[in-house]
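Residue numbers (our numbering): 6 to 366.
Here the structure is laid out as C-alpha cells; the discussion comes afterwards.
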C-alpha cells in the first residue's frame, strides 16, 4: 500500500482506503472484475482500457459481422459509383454545353449516389452501435459469445438504435435550425443579404447548444439496447441519467475517438505511401511524374489498395466509440443506481463480492 501525496493510503488499484480516505471513498477489497472492467463506478482510465480490452478479447464477435457489412456496403457503393461515372462519361466533354435534360440527368445520378452513400453510412453506424453494445454486455460479465450469436442478438435492435440516433441528430439539428432562423427571416424581410450575414453570428450559440445536447444524449443508444427502450423513451432516460457528467462524457468519447482516428490515419497513410511507391515507380522521373506510363491495371491496383486500407481501418476503429459510450452508460448506472450488485449477480458472483472499493460517490 502506498500514499497519495502523503495524505492518505492508496490501495493496489489507486483507490484511497482507510479511516483517513476522503469522503465518498470506501475501504475494502477490490471490486470484482469478471470481465473487462471492474464492477464499480469507473474512472476514465477504466473506461479507456476497457474499450481496448473488449475490442481485443472479443475480436471475432465484434469485427467479423462488421467486416461483412463493410464489404457489402463497399461493393454496393462502388458498383453504383462506377455506373454513375459511366453515365456521366456520356455527357459532352469539357467545353461542351449541357442541355437542360442532360443537366437534370447528371444531377439525379450524383444525388442517387450521394443518397446511397448516406443511407449505407447511417445503417452501418447503427449496426456498429447495436453490435458493439451487445458484445459489451457479454464482455462486462466475462461471458463468451460467438459472432453469429452476437449478430443474432444485435439484429433485432437495429430499428430501435437507428430511431434513437436519428432522433438525437434531429434534436441537435433542430437547435441549429432555430438559431439560423432569425438570420433567414431578416434577409427575407429586408430583402438584403447583409442583415442575414450578421444574423449568422446567432449560429454560435446554436452550435454550442447542439454540442451540449449531443453530448448529454450520448448514452441514448446503450439505453435503447440494454434497457429495450423505444427511441423517445431512451432519449428521456439518457437525458436524466447523464445529468452532471457532461464534461466526463465529452472527454472520454473524444479521447477514444482521437486514438482510433490516429491509428486509422497512420495505417492508411503507410498503405497509400507503399502503394504509390510500387505503382508509380515506373512513372517517376527526377523532376516530374509521367502519368502516361500508368496502365489501367496500375490505377485499379492503387484504388483498391488505398480504398481497402480505408475500409479496413474504418471498420477496426468504428466500434471503439460505441464501446466507450456503453461503458459511460454502465458507469452512470453503477454510480447512481448501484448497478454493480446486479451485474455481479448476473455474472454468478457471491452476493457480497460487489461490496468492494467504490470508485466515486
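Note that CB positions come from ideal geometry on N, CA and C, so glycine has one too.
Given a threshold of 16 other Cβ atoms within 10 Å of its Cβ, counted over all protein chains shown, does residue i qualify as buried or as exposed?
{"i": "residue 165", "result": "buried"}
{"i": "residue 116", "result": "exposed"}
{"i": "residue 34", "result": "exposed"}
{"i": "residue 350", "result": "exposed"}
{"i": "residue 270", "result": "exposed"}
{"i": "residue 355", "result": "exposed"}
{"i": "residue 150", "result": "buried"}
{"i": "residue 88", "result": "exposed"}
{"i": "residue 233", "result": "exposed"}
{"i": "residue 84", "result": "exposed"}
{"i": "residue 68", "result": "buried"}
{"i": "residue 4", "result": "Given that the chain is displayed from residue 6 to residue 366, the structure contains no residue 4 and the question cannot be resolved."}
{"i": "residue 144", "result": "buried"}
{"i": "residue 109", "result": "exposed"}
{"i": "residue 56", "result": "buried"}
{"i": "residue 169", "result": "buried"}
{"i": "residue 175", "result": "exposed"}
{"i": "residue 123", "result": "exposed"}
Would you kindly work out how many angstroms separate the C-alpha atoms of residue i and residue j, rounded to a whole number?
{"i": "residue 240", "j": "residue 173", "result": "7 Å"}
{"i": "residue 161", "j": "residue 262", "result": "27 Å"}
{"i": "residue 255", "j": "residue 209", "result": "19 Å"}
{"i": "residue 14", "j": "residue 185", "result": "Low per-residue confidence applies at residue 14: pLDDT is 48, beneath 50, and the placement is therefore not dependable enough to give any value."}
{"i": "residue 60", "j": "residue 324", "result": "8 Å"}
{"i": "residue 328", "j": "residue 155", "result": "14 Å"}
{"i": "residue 265", "j": "residue 54", "result": "13 Å"}
{"i": "residue 70", "j": "residue 225", "result": "23 Å"}
{"i": "residue 81", "j": "residue 159", "result": "23 Å"}
{"i": "residue 136", "j": "residue 236", "result": "17 Å"}
{"i": "residue 180", "j": "residue 214", "result": "7 Å"}
{"i": "residue 246", "j": "residue 334", "result": "8 Å"}
{"i": "residue 250", "j": "residue 50", "result": "16 Å"}
{"i": "residue 346", "j": "residue 248", "result": "22 Å"}
{"i": "residue 292", "j": "residue 282", "result": "Reliability of the predicted coordinates at residue 292 is poor, the pLDDT of 48 falling under 50, and the value obtained from them is presented with this limitation in mind. For residue 292 and residue 282, the distance between alpha carbons rounds to 16 Å."}
{"i": "residue 220", "j": "residue 230", "result": "18 Å"}
{"i": "residue 38", "j": "residue 274", "result": "38 Å"}
{"i": "residue 157", "j": "residue 252", "result": "35 Å"}
{"i": "residue 344", "j": "residue 45", "result": "8 Å"}
{"i": "residue 294", "j": "residue 278", "result": "Its pLDDT being 49, under 50, residue 294 is placed unreliably in this model, and the value from its coordinates should be taken loosely. Roughly 15 Å separates the two Cα atoms."}
{"i": "residue 36", "j": "residue 163", "result": "33 Å"}
{"i": "residue 309", "j": "residue 228", "result": "39 Å"}
{"i": "residue 337", "j": "residue 48", "result": "11 Å"}
{"i": "residue 340", "j": "residue 222", "result": "17 Å"}
{"i": "residue 134", "j": "residue 111", "result": "35 Å"}
{"i": "residue 348", "j": "residue 342", "result": "12 Å"}
{"i": "residue 86", "j": "residue 194", "result": "42 Å"}
{"i": "residue 125", "j": "residue 167", "result": "12 Å"}
Between the options, which has its C-alpha nearest residue i's C-alpha?
{"i": "residue 414", "options": "171, 183 and 89", "result": "Any property of residue 414 remains undetermined from this structure, which presents the chain solely from 6 to 366."}
{"i": "residue 306", "options": "334, 276, 343 and 89", "result": "276"}
{"i": "residue 79", "options": "331, 339, 324 and 316", "result": "316"}
{"i": "residue 330", "options": "269, 237, 139 and 348", "result": "139"}
{"i": "residue 114", "options": "222, 132, 92 and 134", "result": "92"}
{"i": "residue 372", "options": "260, 109 and 321", "result": "The question about residue 372 has no answer, for the chain in this structure spans 6 to 366."}
{"i": "residue 75", "options": "260, 110 and 313", "result": "313"}
{"i": "residue 353", "options": "187, 146, 188 and 338", "result": "146"}
{"i": "residue 268", "options": "337, 238 and 318", "result": "318"}
{"i": "residue 43", "options": "183, 332 and 310", "result": "332"}
{"i": "residue 205", "options": "196, 336, 188 and 48", "result": "188"}
{"i": "residue 129", "options": "110, 142, 72 and 175", "result": "72"}
{"i": "residue 191", "options": "177, 207 and 178", "result": "207"}
{"i": "residue 211", "options": "182, 258, 86 and 340", "result": "182"}
{"i": "residue 142", "options": "40, 342 and 311", "result": "40"}
{"i": "residue 258", "options": "326, 148 and 90", "result": "326"}
{"i": "residue 177", "options": "216, 196 and 153", "result": "216"}
{"i": "residue 77", "options": "52, 121 and 153", "result": "121"}
{"i": "residue 218", "options": "106, 124 and 243", "result": "243"}
{"i": "residue 118", "options": "167, 148 and 90", "result": "90"}
Against chain C, with Cβ distances strictly below 9 Å, would residue i count as a contact?
{"i": "residue 262", "result": "You won't find chain C in this structure, because it holds only one protein chain."}
Output the residue ranges of the alpha helix (DSSP H) runs that lie fully inside the segment 120 to 184 and measure 4 residues or longer, sorted by chain position. Entirely contained in the segment 120 to 184, the alpha helix (DSSP H) runs reaching 4 residues are, in chain order, 152 to 159.
Length-filtered (4 minimum) alpha helix (DSSP H) runs lying within the segment 228 to 279: DSSP runs (the alpha helix (DSSP H)) wholly in the segment 228 to 279: 236 to 246.
Which full runs of the alpha helix (DSSP H) of 4+ residues lie inside the segment 34 to 118, going along the chain? For secondary structure counted as the alpha helix (DSSP H) over 4 or more consecutive residues, the segment 34 to 118 holds these complete runs in sequence order: 49 to 62 and 64 to 94.
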